[in-house]
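Per our numbering, residue 21 is the first one in the sequence shown, and the count goes up by one each step.
Below: one structure, written as structure tokens.
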Amino acid sequence: MGLDVHARSVAAAAIDGVTGELRRARLTPSHDHIRSWIEQEGPVAVAYEAGPTGFGLYRELTAARIRCLVAAPSKSQRPSADRVKTDARDAARLLRLGEVTPVSVPSIGQEAARDLVRAREDARADLMRVRHRLSKLLLRHGIVYSGGRTWTGAHDAWLRRQHFDSPATPAAFESDYEAVLAITARRDRLDKAITEMATDSEFTAVVRRLCCLHGVSLLTGFALAVEIGDWHRFTGASIGSFAGLVPSEYSSGTTRVQGSITNTGNTHLRRLLGEAAWHHRARYTIGNGLRARWELTPAAAQHRADTRNRRLHERWVTFNPRRKRPAIANVGIARELAGWCWSLAVMD
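Structure below.
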């Protein structure tokens, strides 16, 4: 069976492996309705594409001992001349299970942790936007902070001292300032929840080993752990492709053309690796924070991480004589960093 699952409807197509008879149905998104229709057809194998409806249907069918695969939409085969797209055709395309590339279905605990990490990512993006709105409001009135780093305690005290001549401007300022305070508090609550889960959960051992790397804090290590999930499905060479950090290529005959990175796969994972890679540009030193994280891991993980940290900084240094653009060089460091993260995550 192939299912095209939507929020309000499900298109189903079933083919009998013996007679070749094709049957189609339009179902409701209720899991009980879908399962009862599938069970009427006898022993079956089911596939549907991963999407916004999540993995609840997969878990429901698996619990009922029905073989189910969740297909990767980006790897679904579709002829180049196929210009007709309907729900029925999408369902029928999934009937040949041997040509379906399945995705790794996370556990309930992993999915919950991933939701927590992505909620924190949304709070970070929201906070950046409201901070920009507030700073640009002040800039339009010629007010610029020059007392050092922004968004510190001193900067907050400076913001509270601002006064405006127009009667309407204070209301706009208070609106943006209150939004900054509210989102900051929301981000801090999420940080506390992530810290508690990172220190006492199924991901703790992997997170501690990842945090041995320079530039990988507790929040970053936990996000990497829950976004990847099962590290053993990758290798040190293939994980960069999953993060979209490998160059695109169009080669034919004797011509080989490589372009920018593919930017496919997990966007959140790619951003985390890119931000962590920038830390390796400066001279490598073992600070108190890094040493404290090392004390929570075995000596083998410490030694491997220290070796990788030195190598990544040396890689940054080799880019300087070649006058490589820093943004491009950072992508190369991030791709190699992904491989070293895999090396630490899978070590026994």
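No residue lacks a Cβ here, since even glycine has one placed at the ideal position from N, Cα and C.
State yes or no: is the C-beta of residue i within less than 8 angstroms of the C-beta of residue j?
{"i": "residue 286", "j": "residue 254", "result": "no"}
{"i": "residue 340", "j": "residue 234", "result": "no"}
{"i": "residue 121", "j": "residue 95", "result": "yes"}
{"i": "residue 295", "j": "residue 134", "result": "no"}
{"i": "residue 335", "j": "residue 356", "result": "yes"}
{"i": "residue 16", "j": "residue 31", "result": "Residue numbering for the chain in the displayed model covers 21 to 368; residue 16 lies beyond these limits and cannot be assessed."}
{"i": "residue 372", "j": "residue 361", "result": "The first residue shown for the chain is 21 and the last is 368, placing residue 372 beyond what the model contains."}
{"i": "residue 299", "j": "residue 141", "result": "no"}
{"i": "residue 53", "j": "residue 80", "result": "no"}
{"i": "residue 22", "j": "residue 92", "result": "no"}
{"i": "residue 87", "j": "residue 70", "result": "no"}
{"i": "residue 33", "j": "residue 115", "result": "yes"}
{"i": "residue 281", "j": "residue 268", "result": "yes"}
{"i": "residue 167", "j": "residue 161", "result": "no"}
{"i": "residue 47", "j": "residue 89", "result": "no"}
{"i": "residue 58", "j": "residue 147", "result": "no"}
Ordered along the chain, which non-local residues of its own chain (more than five positions away) have a Cβ less than 7 angstroms from that of residue i?
{"i": "residue 215", "result": "238"}
{"i": "residue 240", "result": "292, 296"}
{"i": "residue 196", "result": "150, 153, 154, 157"}
{"i": "residue 321", "result": "229, 232, 364, 367"}
{"i": "residue 283", "result": "264"}
Could you pull out every residue in the same chain whose Cβ sits closer than 8 angstroms to the Cβ of residue i, ignoring the five residues on either side in sequence?
{"i": "residue 359", "result": "256, 257, 259, 260"}
{"i": "residue 210", "result": "136, 139, 140, 143"}
{"i": "residue 221", "result": "129, 133"}
{"i": "residue 200", "result": "147, 150, 151, 154"}
For residue i, count neighbouring C-beta atoms within 10 Å of its own C-beta (all shown protein chains included) and say buried if the count is 16 or more, exposed if not.
{"i": "residue 42", "result": "exposed"}
{"i": "residue 68", "result": "buried"}
{"i": "residue 345", "result": "exposed"}
{"i": "residue 60", "result": "exposed"}
{"i": "residue 350", "result": "buried"}
{"i": "residue 348", "result": "exposed"}
{"i": "residue 306", "result": "exposed"}
{"i": "residue 24", "result": "buried"}
{"i": "residue 325", "result": "buried"}
{"i": "residue 28", "result": "exposed"}
{"i": "residue 113", "result": "buried"}
{"i": "residue 179", "result": "buried"}
{"i": "residue 159", "result": "exposed"}
{"i": "residue 313", "result": "buried"}
{"i": "residue 290", "result": "buried"}
Beta-carbon within less than 6 angstroms of residue i's beta-carbon, same chain only, minus the 5 sequence neighbours each way: which residues are those?
{"i": "residue 450", "result": "The structure shown has nothing for residue 450, since the chain only spans 21 to 368."}
{"i": "residue 316", "result": "228"}
{"i": "residue 190", "result": "184"}
{"i": "residue 236", "result": "230, 296"}
{"i": "residue 218", "result": "227, 238, 242"}
{"i": "residue 39", "result": "none"}
{"i": "residue 354", "result": "265, 293, 294, 297"}
{"i": "residue 123", "result": "70, 90, 92"}
{"i": "residue 145", "result": "none"}
Taking the runs of the alpha helix (DSSP H) that are 4 residues or longer, which of them lie wholly in the region 23 to 81?
Entirely contained in the region 23 to 81, the alpha helix (DSSP H) runs reaching 4 residues are, in chain order, 51 to 60.
My parser needs the alpha helix (DSSP H) runs of 4 or more residues fully inside the region 217 to 268; what are they?
For secondary structure counted as the alpha helix (DSSP H) over 4 or more consecutive residues, the region 217 to 268 holds these complete runs in sequence order: 224 to 230, 238 to 248, 259 to 262.
Closer than 8 angstroms is the cut-off here; do at least three beta carbon pairs connect the region 360 to 368 with the region 240 to 252?
With the cut-off at 8 angstroms, the region 360 to 368 and the region 240 to 252 touch.
Do three or more CB pairs link the region 65 to 78 to the region 125 to 143 at distances below 8 angstroms?
Yes: at least three Cβ pairs fall under 8 angstroms.
Start-end ranges of the alpha helix (DSSP H) lying completely within the region 310 to 355, minimum 4 residues:
The region 310 to 355 contains these whole alpha helix (DSSP H) runs: 319 to 339.
Extract the residue ranges of the alpha helix (DSSP H) inside the region 102 to 161, only unbroken runs of 4 or more that lie entirely within it.
If only complete runs of 4 or more residues are kept, the region 102 to 161 shows the alpha helix (DSSP H) at 107 to 113, 128 to 160, in order along the chain.
In chain order, each beta strand (DSSP E) run of at least 3 residues that lies wholly inside the region 166 to 202
Counting whole runs of 3 or more residues, the region 166 to 202 contains no beta strand (DSSP E) stretch at all.
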